[in-house]
Structures are given as C-alpha cells and as structure tokens.
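Visitor: Would you mind keeping the following structure in view while I ask a few things?
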Amino acid sequence: MTTSTTGTAGATGTQPAASTFAVSERTAHLRAEAALFMRDHVLSLVSHDLRGPLNAIHSWAYVLERKLDPNDPNSQRAVTGIRNGVDQQVKLLETVVDATRAETKSLALAYAPFPLHPLLDETAEEVRSGLARTRGVEVVVNSQLGTEQLNGDRERLAAALWVMLTFAVESSAQDSAVTLEARADATAWHAAVTYEASAALVDASLPHLLEAFARKQAREPREANRIAWVLALCKRVAEAHGGGFEQQDATDAAPATLSLRVPLSAPAAR
Numbered sequence: 105m106t107t108s109t110t111g112t113a114g115a116t117g118t119q120p121a122a123s124t125f126a127v128s129e130r131t132a133h134l135r136a137e138a139a140l141f142m143r144d145h146v147l148s149l150v151s152h153d154l155r156g157p158l159n160a161i162h163s164w165a166y167v168l169e170r171k172l173d174p175n176d177p178n179s180q181r182a183v184t185g186i187r188n189g190v191d192q193q194v195k196l197l198e199t200v201v202d203a204t205r206a207e208t209k210s211l212a213l214a215y216a217p218f219p220l221h222p223l224l225d226e227t228a229e230e231v232r233s234g235l236a237r238t239r240g241v242e243v244v245v246n247s248q249l250g251t252e253q254l255n256g257d258r259e260r261l262a263a264a265l266w267v268m269l270t271f272a273v274e275s276s277a278q279d280s281a282v283t284l285e286a287r288a289d290a291t292a293w294h295a296a297v298t299y300e301a302s303a304a305l306v307d308a309s310l311p312h313l314l315e316a317f318a319r320k321q322a323r324e325p326r327e328a329n330r331i332a333w334v335l336a337l338c339k340r341v342a343e344a345h346g347g348g349f350e351q352q353d354a355t356d357a358a359p360a361t362l363s364l365r366v367p368l369s370a371p372a373a374r
C-alpha cells in the first residue's frame with residue numbers, strides 16, 4: 105500500500121514575523137524533550153573528548169617524574185600538582201557531567217504494539233501546525249506502509265520523528281518541501297526525511313522552534329559518524345529500540361537526509 109499526503113504550506117510572498125509565533129502545549133513539550141537530549145548528548149561528548157587528553161597528561165606526568173631528580177622538591181611538587189590537577193578534572197567530569205546526563209543515559213521504554221501509518225500522519229500534522237505552515241514549507245508523507253505494526257515506545261518514536269521533521273523544516277527555505285518516506289521490510293521499519301538545506305536554519309528573522317546555538321552548531325562541519333547535537337533524541341531513541349539513526353548532508357546528487365531504522369519487534373531497552 106502506498107499513500108501520499110501533503111500539508112498546505114501557507115501563504116507565499118511574505119515571511120512570517122518571529123515575534124508573533126506561538127506553539128501548542130504538545131509542541132512545547134516535544135521541543136523541551138529535544139533540548140534535554142541535546143544537553144545530555146553535548147555533556148557526553150565533553151566527557152568523552154576530555155578524558156583522552158587528561159589520561160595522556162596523567163601518564164606523561166609519571167614518565168616525567170621518573171626523569172626528574174627525586175631530591176629536587178620543586179620538580180616533585182610540580183609533577184604532583186599536574187597529577188592532582190588531572191585527578192580533580194576527572195572527578196569533576198564524574199560528579200557534574202556524568203551525573204547531570206544520567207536522566208537520559210538509561211532510557212526506559214514503554215513497549216506496546218501499535219500501527220505505524222497513523223503515527224506518520226499524526227506527527228506530520230503536528231509539525232505542519234507547529235512550524236511548517238508558519239514558515240511556508242510543505243510537509244509531504246510518502247508511505248508504503250499498510251497495516252504493519254511495531255512493538256515499541258510509540259511516544260518516544262513520535263518524538264524522534266517530530267525532531268527529524270522539525271529540523272528539516274527549520275533548514276528549509278519558504279516554498280520548499282520536506283518529504284517523509286516510510287516503509288517496512290521483514291524485520292524493520294525505515295523512515296527517511298529529505299530536504300534541501302538552506303540558510304533559513306540560522307535566519308534570526310524567521311520563527312524557530314529549535315534553540316539558536318543548536319541551529320548554529322548544526323551548520324558547522326561534523327566529524328565522521330557524528331550528528332548535529334539537536335538530533336540527539338533521534339539517535340538515542342533509535343538505539344534504545346535496537347535500531348539506528350544517520351544524518352547525511354546534501355550532495356550534488358542527493359538532498360540532505362535523516363534516516364531512522366527500528367526493528368518491528370524491538371528488543372528490551374538498553
């Protein structure tokens with residue numbers, strides 16, 4: 105079964121004023137969830153990226169100590185100060201950074217079987233009413249789903265789809281389209297959001313749902329296998345279901361793509 109639905113983009117020719125932008129309680133909740141996962145994703149990166157250099161400094165301090173005169177109190181004091189400083193930084197990471205992100209580190213999922221196709225339509229309409237119509241961006245759903253069901257956390261997966269679509273709308277210029285394609289094979293559900301990225305993502309004159317610093321970071325070059333911070337919820341939810349999430353930038357031959365894969369019969373939460 106193949107279905108296609110579109111949302112009216114709204115009036116063209118004028119850009120909506122950001123100052124008059126209002127959101128529903130549901131959209132506000134989803135935005136807050138995205139911000140929470142983004143914060144914890146950033147803290148995780150900080151923790152990971154700092155531990156390597158700190159461990160190296162700690163190791164070289166011991167090497168340096170063996171090279172220095174053990175009877176020179178100034179040298180020994182300096183080396184001890186280096187090691188103590190590293191230990192303090194590691195302790196700070198453990199007590200502040202790691203503890204702060206504990207809320208999403210272990211993600212509890214409420215498993216239940218549900219039909220997939222209604223999830224697409226409901227989430228797409230939420231994005232249309234929450235931002236797309238205001239921005240003059242069309243949201244198109246191309247679904248090959250019929251009656252397929254997925255055993256997973258419907259609310260978490262809806263939030264992941266919402267973030268994917270909202271980020272795509274945020275990145276799109278007026279009068280453009282964002283497309284959500286969905287299908288299922290024998291083992292998994294696949295959802296892909298495609299869009300033409302533009303400077304609209306960081307245009308302060310436009311209404312936005314995602315935080316300014318997150319949108320700015322999303323425009324910066326990324327290391328291999330890393331995603332924009334604001335998409336952290338998508339990755340975490342997909343992996344908690346035993347699936348995966350990928351972000352691919354636009355090329356000359358293809359638009360930008362956000363891809364979600366979730367097993368139809370998801371394993372226990374990780």
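Residue numbers for the sequence shown follow our numbering, so the first one is 105 and each next one is one higher. All C-beta atoms in this analysis are idealised placements derived from N, C-alpha and C, irrespective of residue type, glycine included.
Exposed or buried, what is S123 when buried is set at 16 or more other beta-carbons lying within 10 Å of its beta-carbon?
Guide: Legend: pLDDT at S123 = 42, less than 50; position of this residue unreliable, no value from coordinates given.
Visitor: If you follow the alpha helix (DSSP H) that R187 is part of, which residue opens it and which one closes it?
Guide: Residues P177 to L196.
Visitor: Return the CA-CA distance between R135 and S163, expressed in angstroms with no decimal places.
Guide: About 43 Å.
Visitor: Is the Cβ-Cβ distance between W293 and V244 less than 8 Å?
Guide: Contact: no.
Visitor: For the segment 218-226 against the segment 251-268, do three or more pairs of beta-carbon atoms, one drawn from each stretch, fall closer than 8 Å, so that the two count as touching?
Guide: Contact between the segment 218-226 and the segment 251-268 is present, because at least three Cβ pairs lie under 8 Å.
Visitor: May I have a chain-ordered list of the beta strand (DSSP E) segments no shorter than 3 residues that lie completely inside the segment 256-303?
Guide: Complete beta strand (DSSP E) runs here, min 3: 281-288 and 292-299.
Visitor: In three-state terms, what does DSSP make of Q351?
Guide: Three-state DSSP puts Q351 in a strand.
Visitor: Measuring only the C-alpha atoms, how far is A336 from S247?
Guide: Cα-Cα distance, rounded: 25 Å.
Visitor: State the start and end residues of the unbroken alpha helix (DSSP H) segment that holds L223.
Guide: That run of the alpha helix (DSSP H) goes L220 to V231.
Visitor: If I'm right that F349 touches L364 with Cβ under 8 Å, what's the distance once you round it to whole angstroms?
Guide: Sure, about 5 Å apart at Cβ, within 8 Å.
Visitor: Taking L337 as part of the alpha helix (DSSP H), name the residues at either end of that continuous run.
Guide: Run containing L337: A336 to A344, per the alpha helix (DSSP H) assignment.
Visitor: Does D257 pass the burial test, meaning 16 or more other C-beta atoms within 10 Å, or should it be called exposed?
Guide: Answer is buried; the Cβ neighbour count reaches 16.
Visitor: I think V241 touches S276, with their Cβ atoms under 8 Å apart; what is that distance to the nearest whole Å?
Guide: Contact flag correct, Cβ pair sits at about 5 Å.
Visitor: Whose CA, out of A328, N159, N188 and A281, lies closest to the CA of E300?
Guide: The candidate whose alpha carbon is nearest that of E300 is A281.
Visitor: Which same chain residues, not among the five before or five after R287, have their C-beta less than 6 Å away from its C-beta?
Guide: For R287, where only same-chain residues beyond five positions count, the Cβ hits under 6 Å are Q248 and H294.
Visitor: Please classify A358: is it buried, with 16 or more other beta-carbons within 10 angstroms of its beta-carbon, or exposed?
Guide: A358 is exposed by the Cβ-count criterion.
Visitor: If we ignore side chains and look at the alpha-carbon of each, how far apart do L140 and P174 end up?
Guide: Roughly 50 Å between the two C-alpha positions.
Visitor: Evaluate K339 with the Cβ neighbour count: other Cβ atoms within 10 Å of its Cβ, from every protein chain shown; 16 or more gives buried, anything less gives exposed.
Guide: The residue is buried, with at least 16 neighbouring Cβ atoms inside 10 Å.
Visitor: With distances taken Cα to Cα, identify the nearest neighbour of F271 among R155, A322 and D279.
Guide: Looking at the Cα atoms, A322 is the closest of the given residues.
Visitor: Go ahead and label H133 buried or exposed: buried means 16 or more other beta carbons lie within 10 angstroms of its beta carbon, across all protein chains shown.
Guide: Exposed.
Visitor: Only counting the same chain, and skipping five residues up and downstream in sequence, which positions put a Cβ closer than 6 Å to that of A332?
Guide: A322.
Visitor: Would you call the CB atoms of L310 and A304 closer than 8 Å?
Guide: Yes, the pair counts as a contact, with Cβ atoms nearer than the cut-off.
Visitor: What number of angstroms, rounded off, separates the C-alpha of P120 from the C-alpha of E285?
Guide: Because the pLDDT of P120 is 47, which lies under 50, any placement of that residue in the model is unreliable, and the question is left without a value.
Visitor: Between the Cα of S302 and those of D353, N188 and Y215, spot the shortest distance and give me the residue it belongs to.
Guide: Closest option to S302, Cα to Cα, is D353.
Visitor: So the alpha helix (DSSP H) R408 belongs to, where does it begin and stop?
Guide: Residue 408 lies beyond the residue range present for the chain, which begins at 105 and ends at 374; the question has no answer from this structure.
Visitor: Identify the continuous beta strand (DSSP E) that holds R326 and give its terminal residues.
Guide: Run containing R326: none; DSSP gives neither H nor E here.
Visitor: In the DSSP assignment, what residue or residues form a beta bridge with P367?
Guide: P367 is bridged to A292.
Visitor: Looking at the unbroken beta strand (DSSP E) that takes in S94, where does it start and where does it end?
Guide: What the structure shows of the chain is the stretch from 105 to 374, and residue 94 is not part of that stretch, so it cannot be assessed.
Visitor: Could you give the distance in angstroms between the alpha-carbon of A262 and the alpha-carbon of Y215?
Guide: Computed Cα separation, rounded: 13 Å.
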